[in-house]
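Engineer: In terms of my numbering, the sequence shown opens at residue 764 and continues consecutively.
Where is the CB? At the ideal position from N, CA and C, for every residue including glycine.
Note that the structure is predicted; figures quoted are calculated from it, not measured.
First, the structure itself, so that you have it in front of you.
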Amino acid sequence: MTGKTMLLKRNSMQGMKAILLAGILAAGFPASRALGQSANASSAKPVRVSGKPSRYQPDRFAGKAGRYYAAVWGVNSLVVRTAESGELVRFSFQVLNPQKAKQLNDKKLEPRLIDPDAHVSLVIPALEKVGQLRQSGTPQAGTSYWMAFSNPRRQVKRGDRVNIVIGQFHADGLVVE
Numbered sequence: 764m765t766g767k768t769m770l771l772k773r774n775s776m777q778g779m780k781a782i783l784l785a786g787i788l789a790a791g792f793p794a795s796r797a798l799g800q801s802a803n804a805s806s807a808k809p810v811r812v813s814g815k816p817s818r819y820q821p822d823r824f825a826g827k828a829g830r831y832y833a834a835v836w837g838v839n840s841l842v843v844r845t846a847e848s849g850e851l852v853r854f855s856f857q858v859l860n861p862q863k864a865k866q867l868n869d870k871k872l873e874p875r876l877i878d879p880d881a882h883v884s885l886v887i888p889a890l891e892k893v894g895q896l897r898q899s900g901t902p903q904a905g906t907s908y909w910m911a912f913s914n915p916r917r918q919v920k921r922g923d924r925v926n927i928v929i930g931q932f933h934a935d936g937l938v939v940e
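Rendered as structure tokens:
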């Protein structure tokens, strides 16, 4: 190769790099404007990235509470969720020990969902053709059960901390999902 050919080849490579860089910059500019970001790089704040992975594992119960419900009441996975656009609040749990969890499925006991901040106490409605909106009967290990509380004025909302009371069973501070 001659010196002239090498010079032309190097100039064309630099030209292609310049075009590629201009295309990348042009493509990024409208995207930053569309996201409401400033085109001025000096006004952008640096993002801090930690080098360590987080050891945080979300858990519904803090510390010993989950072990308490499993040991004393034979249940775990206590979950409170709104349903039907907030008209119902559903409480569900999984049975580990049927003997200990028998009280939670007792039809004679009237479960209550209490929201201390909203100053309300919800009950399970009894429909004419369906009966109570809850599962009852003899609990079986490994099976999940539920009950639905009526929330007609939608006073209990997502994020509220509520208490479930069924006879002697008390689950306090459950977060409504």
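Going straight from the alpha carbon of L896 to that of K827, what length do you get?
Structural biologist: Looking up residue 896 in the sequence shown gives position 133. Looking up residue 827 in the sequence shown gives position 64. Going by the C-alpha atoms only, they are around 31 Å apart.
Engineer: Is the region 931-938 touching the region 900-912, taking contact as three or more C-beta pairs under 8 Å?
Structural biologist: no
Engineer: Count the other C-beta atoms from every protein chain shown that fall within 10 angstroms of the C-beta of L876, then say buried if there are 16 or more, exposed otherwise.
Structural biologist: The residue given as residue 876 occupies position 113 in the sequence shown. Classification of L876: buried, given that the 10 Å Cβ count is 16 or more.
Engineer: I need the boundaries of the alpha helix (DSSP H) containing A881, first residue and last residue.
Structural biologist: Within the sequence shown, the letter at position 118 stands for residue 881. That residue, A881, is in no alpha helix (DSSP H); it is neither H nor E in DSSP.
Engineer: In angstroms, rounded to a whole number, what distance separates the CA positions of A797 and V858?
Structural biologist: Taking the sequence shown and counting its residues from 1, one reaches residue 797 at position 34. Taking the sequence shown and counting its residues from 1, one reaches residue 858 at position 95. Only weak support exists for where A797 lies, its pLDDT of 46 falling under 50; the value from the coordinates is given anyway. Approximately 51 Å, taken between the alpha carbons.
Engineer: Determine the direct distance from the alpha carbon of K892 to that of D878, and round the result to whole angstroms.
Structural biologist: Along the sequence shown, read from residue 1 onward, the residue named residue 878 stands at position 115. Along the sequence shown, read from residue 1 onward, the residue named residue 892 stands at position 129. About 29 Å.
Engineer: In its own chain, which residues sit with a C-beta less than 6 Å from the C-beta of S884, not counting the 5 before and 5 after it?
Structural biologist: The sequence position of residue 884 within the sequence shown is 121, counting from 1. Once the five neighbours on either side are set aside, the close Cβ partners of S884 are R875 and I877.
Engineer: Per DSSP, which one or two residues make a beta bridge with T845?
Structural biologist: By 1-based counting over the sequence shown, the position of residue 845 is 82. Its beta-bridge partners are V852.
Engineer: For A911, which beta-bridge partners are listed by DSSP?
Structural biologist: If you number the sequence shown from 1, residue 911 lands on position 148. Looking at the DSSP assignment, A911 forms a beta bridge with R853.
Engineer: Cα separation between K871 and G922?
Structural biologist: The residue given as residue 871 occupies position 108 in the sequence shown. The residue given as residue 922 occupies position 159 in the sequence shown. Each residue's alpha carbon lies about 30 Å from the other.
Engineer: Can you check DSSP and say which residues form a bridge with A934?
Structural biologist: If you number the sequence shown from 1, residue 934 lands on position 171. Assignment of beta-bridge partners to A934 by DSSP yields I927.
Engineer: Straight-line CA distance for I887 to S913?
Structural biologist: Counted from its first residue, the sequence shown places residue 887 at position 124. Counted from its first residue, the sequence shown places residue 913 at position 150. So the alpha carbons of these two residues sit roughly 6 Å apart.
Engineer: Look up V835 in the DSSP assignment and say whether it is helix, strand or coil.
Structural biologist: Start at 1 with the first residue of the sequence shown, and residue 835 comes out as number 72. Helix.
Engineer: Are there any heavy atoms of the ligand SAH lying less than 7 Å away from the beta-carbon of L867, as far as the coordinates show?
Structural biologist: Among the components modelled here there is no ligand, and therefore nothing to report on the ligand SAH.
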